[in-house]
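So the sequence lines, in the order shown, correspond to chains A and B. Using this note's numbering, the letters of the first sequence correspond one by one to residues 10 to 433. Using this note's numbering, the letters of the second sequence correspond one by one to residues 10 to 433.
There are 2 protein chains.
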Amino acid sequence: MSKVHLAKGMRDLLPHQMIHRQRVISTIQEVFTRYGFEPMETPAMERIETLTGKYGDEGDKLIFKVLKRGAGEARGECDQALRYDLTVPLARVVAMNPGLPMPFKRSQIQPVWRADRPQRGRFREFYQCDVDTVGAPCGLADAECLAVFHDCMVALGFDRFVIRVNDRRLLAALAAAIGAADRELAMITAIDKLDKIGREGVNGELRKRDFSEAQIAALWGYLDGDPVPGAEEAEETLDEVIGLAHALGVSPERIRRDRTLARGLDYYTGPVFETELIGAGMGSVGGGGRYDGLIGMFSGRQIPAVGISLGLERLFVIMEERGMVPPSTTTTRVWVTVFSDETRDASLAAVTALRAAGIPAQISLTAGKLGKQIKAAHKRGVRFVVVIGPDERAADRLLLKDMHSGDQALLSLDEVIARTASDG
Amino acid sequence: MSKVHLAKGMRDLLPHQMIHRQRVISTIQEVFTRYGFEPMETPAMERIETLTGKYGDEGDKLIFKVLKRGAGEARGECDQALRYDLTVPLARVVAMNPGLPMPFKRSQIQPVWRADRPQRGRFREFYQCDVDTVGAPCGLADAECLAVFHDCMVALGFDRFVIRVNDRRLLAALAAAIGAADRELAMITAIDKLDKIGREGVNGELRKRDFSEAQIAALWGYLDGDPVPGAEEAEETLDEVIGLAHALGVSPERIRRDRTLARGLDYYTGPVFETELIGAGMGSVGGGGRYDGLIGMFSGRQIPAVGISLGLERLFVIMEERGMVPPSTTTTRVWVTVFSDETRDASLAAVTALRAAGIPAQISLTAGKLGKQIKAAHKRGVRFVVVIGPDERAADRLLLKDMHSGDQALLSLDEVIARTASDG
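Written out as C-alpha cells, the structure is:
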C-alpha cells in the first residue's frame, strides 16, 4: 500500500464542488458567447521559448517545465512547459494561422499552471476564463471587454462591483514627467503592489530602485490627479472607451478611472482594466488590457489585441462565503429503490424509462433494506425516491416520495415521469 | 521575432473545431448525468508514485514528468507527473476520501497526456470521457457501463456498433487450462494485439514468450469456443451482466461475447468491455472493465470498482469523415453592421438589445464599407446581418438580412429579436 497524497498545490474537485463550478462556468461562457466570442482551446504544453520572456522575470520563474522522455530524460532535458496563461498561447495561434478572419474574437476557459507557493485558496492549477479581440484598433473592442466584465458580474449575481480603468501610456507619460522614462517598468511594478503593500511600501520599492524623494512626491501628485503632460491621447482614449461601454449598457457608476492601476504584466500597451468586488477584501477578480505588441513578438507583424481574464477561483471563494451557491449537491433527480429480487425487473424498467425521458436517475446497486436505500438517496440530496414493492408491482403503480416536501403518492410510470421531469 | 511552433504532439482547437467538440462532449455528459454519474475533476499533476506501476511497463515509459522549480530544478529533480488516465486518479480520490457515500458514481471528462510517438490523428494530449462506479459488486453496475456505451453511441447518431464483452477470469482460467498460469499477463498482452497484428502476429509474440506449439493450438481452440474448465463463474457473470444490460434497454444484437478481448491494462479483474463502430476500421472507440484491486493499492481496503472510458478523438475523426458534424461553424447568430459614424449609436443600441435578449451578436469593430462588413459576417457563417443606414435610423427600423435564405425585411428592434432568437 502506497502513501496517498495529492501533488503539491493541487486539489480534487468533488461532485458537490463541480456542480457549482459548472454552473458558474456555463454562466460566464454564455456571456462570452452573447458578445460573439467563439470558443477555442490550446494545448497544456507549449515550447519553452514560446512562454519565456513574456511574463516578466518573476513570471518566468513560475513556469512548470516538462521533462523530455526517452534519451533526453536521463540528461534532464526540457523543451516543453505548461500553459501559464491563455494570452500568450492565443498570440502564438494568431501568428501560426495567418488565414484567421480578422478581427478574431475568441473565448477560452482552461486551467493554467504556476509554481507559486501554495496558500489557503491559492493553488498551482487554476482556471482562467478569457476573451480577446485580435485585429481591432483601440475603442469599441476595449469597451466590449468592460461590458463583458459587467455582464459576467451581473449574471453571477453580484451587485456591488467596480471596473477600474487606466492606460499604460498615461503611466509612461507619468514616468517621463518625473524624469524616470528609463525606469518606467520599475515604476509600474512598484505601483502595481499598492493594493498589497500600501503607499509606504510602494515608496520603499521606489527608493530601492533609486527614485529620489522629489520624484516620489511628484509621482503621488500625478497619481492623485494632477494633469499629466503628454498623456492627452491616453486620456482621450479612456474617454472614448468609457463612453462606448456606456452605450453597450455599462452604467457609469460601475467604471472608475484609477491612475494607480498598473497591471503587472510586461505586455500591456494601452488601456488596462480590473474588476473588483466591493467589500470582498479580495483584490481583483479579473483584469486585462490592450497589448498591441505581443503578437508581433511571434509573427513579426504588429497586430493589435485587447482582452480580459476572469479568475474563477476567487469568484468561487466569494460566492461560497456569501451563500451564493446553488442548493443542489447532486445532478440526480430520482433514486429508484429495489424492494426485493422479485420486484427488481419493475425497478429496472422504471429507471430505464426515466432515463429514456432524459431524467437523471439512479437505481440501488447494492442489495439492502429499503430504509437504507432511501437514506442513501437522502444523504446525496436526491429529491425523489421511487419504491416498487410486490403490491405496487401487481397494481402496475409506483410509490413516489418527494424528499423535500415529504409527500408521497401512488402513480403510474408516466405520471412519475411527468412529476419528476420539471422543477415544479 | 521567435520561430513559432506547437510543442511536439500538441494541437490547437480553433472555433470551428470547438463547436463540434463541445456538442459531442455535452451529448456524452448528458448521457452520463442521465445514469446518475456525478461530475468530478482531478488535477493535471499527480505525484509520480501515484501513477507508476499501474499501467504496465510500457505505460510507465509514456508518463510525462514535471521538473521541480527552485533548488531542485538544477538537479533535475521530479516528483510530479501529468495525468495519464482518469481511473488511477479516481482510485486515489476514493482512498483519500473515506467519507464518500458508497456506491460512488462519478463522471470525468478531462484531457490526459501520454508521450506516445505522434502520428496522424494521434496526439500527446487527448480527452477521455469516463464513468466509474466504486463500491458496488459485479452485476448491475457493470451492466450500466454497457448501457452508457450504448446510449452514448445512439445519442451521437451512430447506428452500427457493437459492444464486445469478456471476463479477465475467463482468460485466467484459459491460461491455467493450457498450463501457462504463470504467464497469464504475457498471454493477455499478446492476445490484446490481435486487432493490430493478426493471429500469426499473436503466435509470434507467444513463441517469443516461450509458449509451446501445443499451448498455442490449445489456446486458439479455447478462444474459438471450446468450453474453458474453471471459467464457470466468469461465464455466469457475463450471462448476468448481459441480461441486466438488456433490461436497461441495450438490444441483444449490440452485445457480442468475445474471448479474444483482453484490454491491455494490468488492473482489470473481471468483466471487460470494448465498443467498436462497424465499418469504421478504427479499432475501439471506448473500453473499460472491472478493477476490484486498484483502489486497494492506495487505500489498503479492497473496494470493488467498474468503469468505462470513451475516446473522444477517434469519435471526432469518424464523425468528420462521415459528415456527422453540425453545419454551423460559429456561435454568433447576428452581425450588426455600422453604416457610418452618424448611425453608430443605433447599431450600438441594437447589438446591446440583442445581447440583453440572450442572442449571440457581434458588431463590426473596424470601420469599412458595408459590403465588406457583410462579407465578414458571411465568411464566418453568421446567419443574420443587421443594417441601419440613415433612413432606417430616422424611421426607427432595422434591415434584417437572412444570409441562408437571402430574404431581407425592414423590422422594428423587437421584431428582429423575435426573428433571430429561435432557429425557426
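Backbone N, C-alpha and C define an ideal beta-carbon position, used for all residues, glycine too.
List the residues of chain B whose Cβ lies closer than 7 Å to the Cβ of Arg447/A, in chain order. Coverage of chain A is limited to positions 10 through 433, which leaves residue 447/A absent and any answer about it impossible.
Output the boundary residues of the alpha helix (DSSP H) element that contains Val13/A. Against the first sequence, residue 13/A aligns to sequence position 4. Counting along the chain, Val13/A falls outside any alpha helix (DSSP H), and DSSP gives it neither H nor E.
What is the DSSP secondary structure of Thr284/A, counted as helix, strand or coil? For the purposes of this step, residue 284/A is taken as the residue at position 275 of the first sequence. In this structure, Thr284/A counts as strand in the three-state DSSP scheme.
Per the contact definition of three or more C-beta pairs closer than 8 Å, is the stretch 145-164 of chain A in contact with the stretch 274-286 of chain A? yes
Could you give the distance in angstroms between the alpha-carbon of Ser308/A and the alpha-carbon of Ala53/A? Taking the first sequence and counting its residues from 1, one reaches residue 308/A at position 299. Taking the first sequence and counting its residues from 1, one reaches residue 53/A at position 44. Near 21 Å, if we compare the C-alpha coordinates of Ala53/A and Ser308/A.
Could you tell me if Ala190/A is buried or exposed, where buried requires 16 or more neighbouring beta carbons within 10 angstroms of its beta carbon? As a working mapping, residue 190/A is identified with position 181 in the first sequence. Ala190/A comes out exposed.
Assigned secondary structure, Tyr136/B (DSSP; H/G/I helix, E/B strand, else coil): Numbered from 1 along the second sequence, position 127 holds the residue referred to as residue 136/B. Tyr136/B falls in the strand class under three-state DSSP.
Can you find the residues in the same chain that come closer than 7 Å, C-beta to C-beta, to Met10/B, ignoring five residues on each side of it along the sequence? As a first step, residue 10/B is located in the second sequence; it is residue number 1 there, counting from the start. Bear in mind that the predicted position of Met10/B carries a pLDDT of just 44, short of 50, making it unreliable; the figure below should be weighed with that in mind. Cβ within range, chain order: n/a, list empty.
Residues of the stretch 270-285 of chain B whose Cβ lies closer than 9 Å to any Cβ of chain A, in chain order: none
Are the beta-carbon atoms belonging to Ala16/A and Gln224/B less than 8 Å from one another? For the purposes of this step, residue 16/A is taken as residue 7 along the first sequence, with counting starting at 1. For the purposes of this step, residue 224/B is taken as residue 215 along the second sequence, with counting starting at 1. In this structure, Gln224/B does not lie closer than 8 Å to Ala16/A by Cβ.
Contact belief for Ile118/A with Tyr136/A at Cβ below 8 Å, rounded distance in angstroms: If you number the first sequence from 1, residue 118/A lands on position 109. If you number the first sequence from 1, residue 136/A lands on position 127. With 8 Å as the limit, Ile118/A and Tyr136/A qualify as a contact, their Cβ atoms being about 7 Å apart.
Residues of chain B with CB closer than 8 Å to the CB of Val75/A, please, in chain order. Sequence index remark: in the first sequence, residue 75/A carries index 66 (1-based). In chain order: Phe73, Lys74, Val75, Leu76 and Leu91.
Met10/A CB to nearest chain B CB: under 8 Å? Residue 10/A sits at position 1 when you count from the first residue of the first sequence. Note on Met10/A: pLDDT 44, under 50, position unreliable in the model; no value is reported.
Since Val171/A meets chain B, which of its residues come closer than 9 Å, beta carbon to beta carbon? The count along the first sequence starts at 1 and reaches residue 171/A at position 162. Neighbours of Val171/A on chain B: none; closest Cβ ~21 Å, over 9 Å.
Rounded C-alpha distance that separates Ala80/A from Phe113/B: Taking the first sequence and counting its residues from 1, the one referred to as residue 80/A is at position 71. Taking the second sequence and counting its residues from 1, the one referred to as residue 113/B is at position 104. Rounded to the nearest angstrom, the two C-alpha atoms are 42 Å apart.
Less than 8 Å separating the beta-carbons of Pro98/A and Glu55/A? Sequence index remark: in the first sequence, residue 98/A carries index 89 (1-based). Sequence index remark: in the first sequence, residue 55/A carries index 46 (1-based). Their beta carbons are under 8 Å apart, which means Pro98/A touches Glu55/A by this criterion.
Just the chain A side, please: which residues come within less than 9 Å of Ile34/B by C-beta, in chain order? To locate residue 34/B, count along the second sequence from 1; it is residue 25. Per Cβ cutoff of 9 Å: no residues; Ile34/B is ~11 Å from chain A at best.
Assuming Gly298/A and Arg272/A are in contact, meaning their beta carbons sit under 8 Å apart, how far apart are those beta carbons, in whole angstroms? Counting from 1 along the first sequence, the entry for residue 298/A is found at position 289. Counting from 1 along the first sequence, the entry for residue 272/A is found at position 263. The pair is a contact, with the Cβ atoms about 6 Å apart (cut-off 8 Å).
Extent of the continuous alpha helix (DSSP H) run through Phe307/A: Position 298 of the first sequence, counting from 1, holds the residue named residue 307/A. Leu303 to Ser308 is the span of the alpha helix (DSSP H), which, as asked, contains Phe307/A.
Quick one: Cα of Leu422/B to Cα of Arg406/B, how far? Taking the first residue of the second sequence as 1, we reach residue 422/B at position 413. Taking the first residue of the second sequence as 1, we reach residue 406/B at position 397. One C-alpha to the other measures close to 7 Å.
Which residues in the same chain have their Cβ closer than 7 Å to the Cβ of Gly210/A, if we skip the five residues on either side of it in sequence? Here the question's residue 210/A lines up with position 201 in the first sequence. Hits under 7 Å: Lys202.
Quick one: using the 10 Å Cβ neighbour count with 16 as the cut-off for buried, is Asp350/A buried or exposed? The residue you call residue 350/A lines up with position 341 of the first sequence. Burial call: exposed.
First and last residue of the uninterrupted alpha helix (DSSP H) at Gly332/B: For this step, residue 332/B is matched to residue 323 along the second sequence. Here Gly332/B belongs to no alpha helix (DSSP H), and DSSP marks it neither H nor E.
Give a yes or no on whether the minimum CB-CB distance between Leu155/B and chain A is below 8 Å. For the purposes of this step, residue 155/B is taken as the residue at position 146 of the second sequence. No, Leu155/B does not count as interfacial toward chain A.
Determine the direct distance from the alpha carbon of Leu180/B to that of Ile6/B, and round the result to whole angstroms. Beyond the ends of chain B as shown, which are 10 and 433, falls residue 6/B; an answer cannot be given.
Cys161/B: first and last residue of the uninterrupted alpha helix (DSSP H) it sits in: Residue 161/B sits at position 152 when you count from the first residue of the second sequence. Unbroken alpha helix (DSSP H) run through Cys161/B: Leu149 to Leu165.
Please compile the residues from chain B whose C-beta is within a distance smaller than 7 Å of the C-beta of Tyr44/A. Along the first sequence, read from residue 1 onward, the residue named residue 44/A stands at position 35. Chain B residues near Tyr44/A: Arg364.
Could you check which residue in Leu419/A, Asp141/A, Leu363/A and Phe220/A has the C-alpha nearest to that of Ala404/A? Working through the first sequence from its first residue, we reach residue 404/A at position 395. Residue Leu419/A is the option with its Cα nearest to Ala404/A.
Please classify Ala100/B: does DSSP put it in a helix, a strand, or coil? By one-based count along the second sequence, residue 100/B stands at place 91. Ala100/B falls in the helix class under three-state DSSP.
Any idea what DSSP makes of Arg342/A, helix, strand or coil? Taking the first sequence and counting its residues from 1, one reaches residue 342/A at position 333. Looking at Arg342/A - three-state DSSP - the assignment turns out to be coil, as it is neither helix nor strand.
Is the beta carbon of Thr36/B closer than 8 Å to that of Leu165/B? Residue 165/B sits at position 156 when you count from the first residue of the second sequence. Residue 36/B sits at position 27 when you count from the first residue of the second sequence. It is a contact, given that the beta carbons lie within the stated cut-off.
Using only the alpha-carbon positions, how far apart do Glu222/B and Ala195/B sit? Reading the second sequence from its first residue, position 213 is the one you call residue 222/B. Reading the second sequence from its first residue, position 186 is the one you call residue 195/B. Each residue's alpha carbon lies about 16 Å from the other.
Taking its Cβ as the centre, do 16 or more other Cβ atoms sit within 10 Å of Thr429/A, making it buried, or is it exposed? As a first step, residue 429/A is located in the first sequence; it is residue number 420 there, counting from the start. Classification for Thr429/A: buried.
Can you give me, in chain order, the residues of the stretch 303-337 of chain A that have a beta carbon less than 8 Å from any beta carbon in chain B? Gly305, Met306, Phe307, Ser308 and Gly309
Take the Cβ of Ile426/B as the centre, count every other Cβ of all protein chains shown within 10 Å, and call the residue buried at 16 or more, exposed below. Stepping through the second sequence from its first residue, residue 426/B is reached at position 417. Buried is the call here.
Proximity of Gly320/B and Gly295/B at Cβ, strictly below 8 Å: For this step, residue 320/B is matched to residue 311 along the second sequence. For this step, residue 295/B is matched to residue 286 along the second sequence. Their beta carbons are under 8 Å apart, which means Gly320/B touches Gly295/B by this criterion.
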